[in-house]
Each structure stands twice: as C-alpha cells, then as structure tokens.
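Enquirer: Each step along the sequence shown adds one to the number in the numbering used here, with nothing skipped, and position 23 is 253. Note that the Cβ used here is the ideal one computed from N, Cα and C, for glycine as well. Structure provided below as structure tokens; questions to follow.
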Amino acid sequence: MGCRGPRNTNAILLGLAVERASGRPLAEYIERNVLEPAGMNHTFLPRGTEFPAPHAHGCTDRTASGRTEEATDWNLSWAWAAGGMVCDQHDMRIRARVLATGTLLTPATQVERLKMSPSNLPNTGYGLGILDVEGRIGHNGSLPGYESLVIHLPESEATLVVPLNTDTDYQGSEPSTLFVEAITRVVIPQHIYTLPAQPAGRRTGWWAGRRSGCSVRQLGDQ
231 MGCRGPRNTN AILLGLAVER ASGRPLAEYI ERNVLEPAGM NHTFLPRGTE FPAPHAHGCT
291 DRTASGRTEE ATDWNLSWAW AAGGMVCDQH DMRIRARVLA TGTLLTPATQ VERLKMSPSN
351 LPNTGYGLGI LDVEGRIGHN GSLPGYESLV IHLPESEATL VVPLNTDTDY QGSEPSTLFV
411 EAITRVVIPQ HIYTLPAQPA GRRTGWWAGR RSGCSVRQLG DQ
C-alpha cells in the first residue's frame with residue numbers, strides 16, 4: 231500500500247537528505263521554501279499525527295478484513311516525505327499550477343524536470359516527480375481513505391483538482407482517475423484524461439511508486 235515501490239522509498243530518502251543538508255526538520259524546510267513562497271497557507275507536513283478539524287472523513291477497503299472502514303483517524307505518519315501532506319482544495323489548485331509551470335524552480339531545472347521517460351502505460355510519460363498524460367501535466371496520489379489528482383493543461387492554462395475521501399478501486403481503476411476522466415469528457419472533451427484500468431499488480435513498480443506522490447488528507451468538510 232502507500233509506501234511500496236522504489237519512488238516512495240526514494241522520497242523518504244530524499245526527505246532525510248534534505249534534513250541533513252539543510253539542518254532543519256523537513257516540515258520546516260518545506261514550509262519556508264515551498265509553501266510560503268507559493269502562498270499555500272492551508273498546507274503542512276504533520277510532525278506527528280495531527281489532523282486539524284474540520285476535515286474530510288476517509289474510507290478505505292485496504293483493511294485486514296477487506297471490508298470498507300473509516301480511515302480518518304489512522305496514524306499515517308509513515309507516509310512522511312512520500313505523501314503525508316495535509317491541505318485544502320484551494321491550496322491543491324495552487325500546487326497544480328506550481329507543479330506544472332515550475333514557478334519555484336529555475337528555468338533550467340524545469341526543463342530537466344519535464345523530460346519525460348516512457349511509462350508502462352500508453353501515451354503517458356514520467357519526469358522528475360511529475361506525470362504527463364497526453365499533455366496534461368500533474369500528479370496523483372493515494373493514502374488509506376484519501377486520493378487526490380491535480381492536472382494542468384498548459385496550452386489553455388486550465389487547472390483541475392479532484393480530492394476524494396476514498397481510495398477504493400472501481401473495476402480496477404483508481405477513483406481519482408475515473409472522476410477526472412468523467413469531468414474532462416464534459417469540460418474539455420478534446421483533452422480527455424484517461425488511463426487504462428490497472429489490476430492489483432498496479433501497486434508494484436512504476437504505478438505504486440507514484441501513488442502517494444501528491445496524496446493529501448483534505449481539510450474542510452466533504
């Protein structure tokens with residue numbers, strides 16, 4: 231689940247490297263160098279298990295029994311640098327634009343970031359922590375009880391944010407993918423966001439590695 235896959239392991243190691251190089255806790259470093267410059271005032275990396283109210287109540291079937299249960303109060307501190315952020319929908323919209331445009335990066339770094347390597351999914355590439363699905367730039371993620379997907383279409387400067395309070399698959403597909411596909415079919419039918427259904431095996435390799443990359447638990451009632 232959330233922490234499987236090489237990319238998640240790399241994210242944890244990167245978090246430790248940032249702390250070592252900066253001499254600061256990762257949460258403090260992110261706040262000063264990412265959240266404040268971006269204007270994301272309702273986002274933070276928990277230092278423990280804090281989850282301020284009001285917040286969305288999440289449900290998952292990633293349970294010992296296999297039954298759907300509420301995961302809102304689960305201790306998700308293990309996600310840490312690999313997807314442990316907490317934020318609201320407004321800040322997720324900011325994140326989508328910052329992620330796609332490289333606002334906080336040098337132009338040279340953004341060029342390197344957008345060099346997409348082929349994935350095992352059709353018409354999809356993966357750069358340095360960023361996903362390209364036929365020109366729609368962004369990322370998605372998943373933690374028990376929650377999913378999120380943010381995409382930005384550069385040519386029209388359009389941003390789409392989908393936060394969900396479930397990570398339960400439907401017919402082999404992640405709910406965030408299905409929601410975004412349904413929305414884009416109506417809003418931008420010439421740029422439908424779609425990915426093929428991925429069976430249980432999707433939680434290994436590349437797919438698992440991206441699952442918690444931008445996952446957040448959502449503040450605010452839903």
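A301 and T290: beta carbons closer than 7 Å?
Expert: Contact flag set, yes.
Enquirer: Verify whether the separation of the beta carbon atoms of L394 and S406 is less than 7 Å.
Expert: Cβ distance < 7 Å, so L394 and S406 count as in contact.
Enquirer: With H, G and I counted as helix, E and B as strand and the rest as coil, what does DSSP make of G431?
Expert: Because the pLDDT at G431 is just 39, under 50, the model does not fix this residue reliably, and the value given afterwards should be weighed accordingly. It is helical.
Enquirer: Roughly how many angstroms separate the alpha carbons of M315 and P276, rounded to a whole number?
Expert: The straight-line gap from Cα to Cα measures roughly 7 Å.
Enquirer: When you compare only the Cα positions, how much space is there between E299 and T293?
Expert: Going from the Cα of E299 to the Cα of T293 covers about 7 Å.
Enquirer: DSSP three-state call for I242: helix, strand or coil?
Expert: Three-state result, I242: helix.
Enquirer: Taking 6 Å as the limit between beta carbons, can you name the residues of its chain near R323, skipping five residues before and five after?
Expert: These residues qualify, in order along the chain: T389 and V391.
Enquirer: Do Y400 and T414 have their C-beta atoms closer together than 7 Å?
Expert: Contact: no.
Enquirer: If we count Cβ pairs, one from each stretch, closer than 8 Å, do we get three or more for the region 258–276 versus the region 376–385?
Expert: Short answer: they don't touch.
Enquirer: Have a look at G431 and T398 and give me their C-alpha separation to the nearest angstrom.
Expert: Note that G431 scores a pLDDT of 39, beneath 50, so its modelled location is shaky and nothing firm can be said.
Enquirer: Please return the same chain residues whose Cβ sits closer than 7 Å to the Cβ of G245, not counting the five positions on each side in sequence.
Expert: Taken in chain order, the residues that qualify are L256, W310 and A311.
Enquirer: DSSP three-state label for T279, please.
Expert: It is coil, neither helix nor strand.
Enquirer: Which same chain residues, not among the five before or five after D321, have their C-beta less than 6 Å away from its C-beta?
Expert: Hits under 6 Å: M270, H272 and T273.
Enquirer: Taking only the alpha-carbon atoms, compute the straight-line gap between L351 and R262 and give it to the nearest angstrom.
Expert: If you take the alpha carbons of L351 and R262, they lie about 36 Å apart.
Enquirer: Taking just the CA atoms, how far does L358 sit from N240?
Expert: Near 12 Å, if we compare the C-alpha coordinates of L358 and N240.
Enquirer: Around the C-beta of N370, are 16 or more other C-beta atoms found within 10 angstroms, so that it is buried, or is it exposed?
Expert: Buried, because 16 or more other Cβ atoms sit within 10 Å of the Cβ of N370.
Enquirer: Rounded to whole angstroms, what is the Cα-Cα separation between Q340 and G288?
Expert: Cα to Cα, Q340 sits roughly 34 Å from G288.
Enquirer: Near A326, which residues of its chain fall below 7 Å by C-beta distance, leaving aside the five closest residues on each side in sequence?
Expert: For A326, where only same-chain residues beyond five positions count, the Cβ hits under 7 Å are G368, V380, I381, H382, T389 and V391.
Enquirer: Report the rounded CA-to-CA distance for S347 versus L361, giving the unit in angstroms.
Expert: If I take the Cα positions, the gap works out to 10 Å.
Enquirer: Give me, in chain order, the residues of the same chain whose beta-carbon lies closer than 6 Å to that of E364; leave out the 5 immediate sequence neighbours on both sides.
Expert: Excluding sequence neighbours, E364 sits near N353.
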